[in-house]
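Residue numbers (our numbering): 258 to 841.
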């Protein structure tokens, strides 16, 4: 079949493209095993691309350089976090202008679409938006139909232009905001600084290139020849690699839900639900029953949790003590505690959530301006202020950024490690962030104190100065910031602030992704043997399993008996990726 490419020339258009709208029906006939196996191959490919620092002009910068698993998927250099915050690019003369937002749980971020949540970012007559990745939402996760002036490039159905395997076509579920985010950093001049053709050629020459063919049913093609709709083969290959990175970030390796909070809830549910049997601890069940004697309202898997300390449970109650908007009849769950309204923004469904949801991601995905002070230490490479959402739409009010998850908000490799917070990294501790939310509007202005001479002339108003002088600098964008009832005048005591911090620390995942063996300077003996013997050539052809012993083709096209082939899960085990593979 042929279709016009918009330039007068015909081109091949596969049946897979024509029938993309009914993929769900096509996949019904395929085995679930085939789809799972294909997904594993795609995610393994994505993991290797994510960790591969050779995919940069310096050979020393990868996706992981900004999204370090040990620090919760954000900046992994304590000194940088304490200082300039933004990451220096592969070209050392360049630097970013924002703190890297976490990539953990970012796969749950919805496409950038109209909504009725968020702060007053919208001038009269304009549309309010939620979702989209990056602080400003510019990775839309969809076609830029408006169009929006600052939208990032999009990965869509063009990556399937020559695919007819329904299982490969099933990857369309990874057309998302996190996949659109993935396409941006590698070619960016201020990040990895490697053009698309060099990305393709570098992966083609790598020791994991076989994963591309396994996932996409075709070898990596880095040619300049036009493939589809004006896009070269190398463009399609690059987008497929980035879709693999997006798919990987949908995995357990990035979103494990293994925090103390998650395990505490599951251990209680295991007492009454066999689906949680692996978490069963009889002593937990006994403690719940004892608690129910004095508190009949206590339910399994609901707060207070018996594996939490009293301070952690108090922090949860403060976090969810919401009564917004402040209208008659809207009362908080606990009248004896300050109304913090944390969950009004940091909850998937603020109207209904109570904090016990198994897959809670703690973000309304809307855009807010909480009045963060400017950070004098973060670079301004363009010389211009960071306008946030305005830079994506061109019409919204400046200073609004998308709500981040609070999962892994305090994850760090050691207590001494410094993390940076907010889009500009002004804050250097979670305690300081909570203190700001509590007191933004009740402390004096550092700017006024500087003008009056109470702070020495020429002093830069950093977080350290603000804490030393017990003041807060004025917001970077003061207009339309959130009201005091949401941020600025919460009325918590120091002990309650501490409880809120301790509660959010229970959201730190125990699992962290490891560098793939094939990218280590000295891979394990098992992984090295796997490569030396080219055992990847014995992996079963994926997406065609039908339960028969029919002959299949290996990577490279050689025939192979099904009985002699290795499953992708077995291959993942040889590469020590079995901690996360197949756990979704």
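Glycine residues also receive a C-beta, built at the ideal position from the N, C-alpha and C atoms.
Residue i and residue j closer than 8 Å at C-beta
i, j, result
"residue 515", "residue 766", "yes"
"residue 343", "residue 398", "no"
"residue 863", "residue 375", "The shown model of the chain, from 258 to 841, leaves out residue 863, and the question about it has no answer."
"residue 756", "residue 575", "yes"
"residue 873", "residue 452", "This structure leaves residue 873 out entirely; the chain is present only between 258 and 841."
"residue 720", "residue 689", "yes"
"residue 677", "residue 703", "no"
"residue 436", "residue 353", "no"
"residue 506", "residue 315", "no"
"residue 525", "residue 562", "yes"
"residue 760", "residue 573", "yes"
"residue 493", "residue 615", "no"
"residue 633", "residue 733", "no"
"residue 728", "residue 749", "no"
"residue 825", "residue 406", "no"
"residue 541", "residue 555", "no"
"residue 297", "residue 838", "yes"
"residue 763", "residue 591", "no"
"residue 696", "residue 626", "no"
Residue from the options whose Cα sits closest to the Cα of residue i
i, options, result
"residue 597", "457, 758, 564 and 731", "758"
"residue 423", "521, 474 and 496", "474"
"residue 644", "395, 322, 440 and 348", "395"
"residue 752", "416, 567 and 666", "567"
"residue 605", "305, 388, 792 and 735", "388"
"residue 835", "785, 774 and 795", "774"
"residue 486", "747, 414, 324 and 662", "414"
"residue 347", "329, 450 and 565", "450"
"residue 661", "367, 303 and 349", "367"
"residue 621", "663, 491 and 634", "663"
"residue 822", "839, 841, 840 and 793", "793"
"residue 742", "584, 569, 797 and 496", "584"
"residue 608", "373, 290, 328 and 349", "373"
"residue 466", "382, 304 and 674", "304"
"residue 355", "509, 289, 564 and 337", "337"
"residue 699", "553, 744, 673 and 669", "744"
"residue 670", "335, 420 and 296", "335"
"residue 420", "537, 470 and 440", "470"
"residue 386", "400, 369 and 402", "369"
"residue 533", "510, 827, 557 and 577", "557"
"residue 350", "655, 330 and 446", "446"
"residue 667", "527, 639, 291 and 331", "331"
Which of helix, strand or coil DSSP assigns to residue i
i, result
"residue 684", "strand"
"residue 829", "helix"
"residue 592", "coil"
"residue 627", "coil"
"residue 823", "strand"
"residue 287", "Residue placement at residue 287 is poorly supported in this model, since its pLDDT is 47, which falls under 50; the coordinates are not used for a value here."
"residue 600", "helix"
"residue 835", "coil"
"residue 278", "Bear in mind that the predicted position of residue 278 carries a pLDDT of just 41, short of 50, making it unreliable; the figure below should be weighed with that in mind. Residue 278: helix per DSSP, three-state reduction."
"residue 702", "strand"
"residue 320", "helix"
"residue 270", "Confidence is the limiting factor: at residue 270 the pLDDT is only 40, short of 50, which leaves the residue's position unreliable, though a coordinate-based value still follows. DSSP places residue 270 in coil when its eight states are reduced to three."
"residue 367", "coil"
"residue 759", "helix"
"residue 572", "helix"
"residue 806", "Any reading at residue 806 must be qualified, since the residue scores a pLDDT of 39, below 50, and its modelled position is unreliable; no value is offered."
"residue 817", "The predicted position of residue 817 is uncertain, since its pLDDT is 49 and thus under 50; a value taken from the coordinates is nonetheless stated next. If DSSP states are grouped into helix, strand and coil, residue 817 belongs with the strands."
"residue 770", "coil"
"residue 308", "helix"
"residue 264", "At residue 264, the pLDDT of 35 sits below 50, so the modelled position is not reliable; the number obtained from the coordinates is stated separately. Residue 264 falls in the coil class under three-state DSSP."
"residue 612", "coil"
"residue 297", "helix"
"residue 844", "The first residue shown for the chain is 258 and the last is 841, placing residue 844 beyond what the model contains."
"residue 352", "strand"
"residue 360", "coil"
Expected contact under 8 Å - CB spacing of residue i and residue j to nearest Å
i, j, result
"residue 299", "residue 428", "6 Å"
"residue 225", "residue 501", "With the chain covering only 258 through 841, there is no way to say anything about residue 225."
"residue 477", "residue 456", "Incorrect: roughly 10 Å between the Cβ atoms, too far for contact."
"residue 484", "residue 418", "7 Å"
"residue 603", "residue 392", "With 8 Å as the limit, residue 603 and residue 392 do not qualify as a contact, their Cβ atoms being about 16 Å apart."
"residue 377", "residue 683", "So it is not a contact: roughly 22 Å between Cβ atoms."
"residue 361", "residue 665", "5 Å"
"residue 612", "residue 565", "Not confirmed; about 11 Å, so no contact."
"residue 685", "residue 339", "6 Å"
Checklist entry - If you scan the segment 467 to 541 from start to end, which runs of the alpha helix (DSSP H) of 4 or more residues do you find wholly inside it? => result If we require 4 residues or more, the alpha helix (DSSP H) runs fully inside the segment 467 to 541 come out as 467 to 473, 490 to 505 and 517 to 526.
Next on the checklist: Could you tell me which whole alpha helix (DSSP H) segments of length 4 or greater appear in the segment 398 to 461?
Outcome noted: 423 to 426, 434 to 439 and 453 to 461
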